[in-house]
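What follows is a set of notes on a single structure, which appears directly below.
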Amino acid sequence: MFENFKRSWCRRSLKDESYAWLFEPYEGDEAVVFDTETTGLNTKKDEVLSIGAVKIKGDKILTSESFELFLKPSREISVESIKIHHIRPCDLENAIEPVEGAKKFLEFVGNRPLIGYYLEFDMAMMNRLIKPWIGVNLPNRQIEVSGLYFDKKIELIPQGNIDLRFDTILRDLNIPRMGQHNALNDAIMTAMVYIKLQHITKLH
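To convert, note that position 57 of the sequence shown is 58 in the numbering used here; the numbers rise steadily by one, no gaps.
As structure tokens, then:
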């Protein structure tokens, strides 16, 4: 009830009616897993450098329908930042303007549910790009994989501390880490985590 009211209230703030479909109930069987690489972890000041996303349908990761692009930063990337995301200035030679990238992302995602690891951060970064020109944050349903993992793990160790680091989750689920660290590979690994968790009743 509250969720419907919230969506209805947000819908009134939509500046561009051509995006009204974002608020329509999703009736398909796909979801989009996505990840971002950014200049830092400050959602108010840092910038999105790349977006990687992949669609999933049931138990299948649709790698043929993946999405990856680089966005132009407003200032030079620091050396400290490069050490974290490994995106060099030469990797951004064909990068596009942030708003153009956000529009392409919306076209890819549609009104499908969004899945991610530390999704709150990625959503905040994307909403900073999207809200100024459509007037609202993305209303898509959100699914956090670390939350799904926690819910299954806590049944085994109700009094324990659960390690929710991404590498720990991958090891526990016996999912191999893909070689290169980038937004698309991280999205694909997160999709693997999500699908595996759908079929596990309890974790050991």
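Quick reminder that beta carbons are idealized off the backbone N, C-alpha and C, glycines included.
Measure the C-alpha to C-alpha separation of residue i and residue j and round it to an integer number of angstroms.
i, j, result
"MET126", "GLU101", "15 Å"
"ILE62", "ALA192", "7 Å"
"ILE206", "VAL49", "The structure shown has nothing for residue 206, since the chain only spans 2 to 205."
"ALA32", "LYS105", "17 Å"
"MET190", "ILE176", "8 Å"
"ARG8", "ASN138", "10 Å"
"GLU25", "ILE201", "31 Å"
"VAL34", "ILE57", "7 Å"
"ASP1", "LYS153", "No answer is possible for residue 1: the residues shown for the chain start at 2 and end at 205."
"ALA96", "VAL194", "29 Å"
"PRO74", "HIS86", "14 Å"
"ASN43", "ILE196", "30 Å"
"GLU1", "GLY111", "Examination of residue 1 is not possible in this model, given that the chain is present from 2 through 205 alone."
"PHE3", "GLN199", "Note that PHE3 has pLDDT 49, beneath the 50 cutoff, so the model's placement of it is unreliable and no number is given."
"PRO90", "VAL55", "25 Å"
I need the DSSP call for residue i, collapsed to helix, strand or coil.
i, result
"MET190", "helix"
"PHE3", "For PHE3, the predicted structure reports a pLDDT of 49, less than 50, and the residue's modelled location is therefore unreliable. A value from the coordinates is still provided. Helix at PHE3."
"ALA32", "strand"
"SER103", "With the sequence shown as reference, residue 103 is identified as Ala, and Ser is not the correct amino acid for it. Of the three classes helix, strand and coil, the one that applies to ALA103 here is helix, per DSSP."
"LEU120", "helix"
"HIS200", "coil"
"LEU165", "coil"
"LEU1", "Since the first residue of the chain shown is 2 and the last is 205, residue 1 is not available in this structure."
"CYS11", "helix"
"LEU171", "helix"
"LEU42", "coil"
"LEU115", "strand"
Report yes if the C-beta distance between residue i and residue j is below 8 Å; otherwise report no.
i, j, result
"ASP30", "GLY59", "yes"
"SER14", "GLY136", "yes"
"ARG178", "LEU185", "no"
"ARG113", "ASN141", "yes"
"PRO99", "LEU120", "no"
"LYS71", "LEU107", "Reading off the sequence, residue 71 comes out as Phe, not Lys. The answer is no: Cβ separation not under 8 Å."
"TRP134", "LYS16", "yes"
"ASN183", "SER51", "yes"
Go to residue i, then tell me how far its beta strand (DSSP E) extends in each direction, as first and last residue.
i, result
"SER67", "61 to 71"
"ALA96", "First-last for ALA96: undefined, no H or E at that position."
"LEU50", "49 to 58"
"LEU23", "Counting along the chain, LEU23 falls outside any beta strand (DSSP E), and DSSP gives it neither H nor E."
Which residues bound the alpha helix (DSSP H) around residue i?
i, result
"GLY148", "146 to 154"
"VAL80", "80 to 86"
(request) Taking 8 Å as the threshold, find out whether the region 36 to 54 comes into contact with the region 78 to 95 through three or more Cβ pairs. (result) yes
(message) Between the region 66 to 80 and the region 139 to 151, can you find at least three pairs of beta-carbon atoms closer than 8 Å?
(response) no
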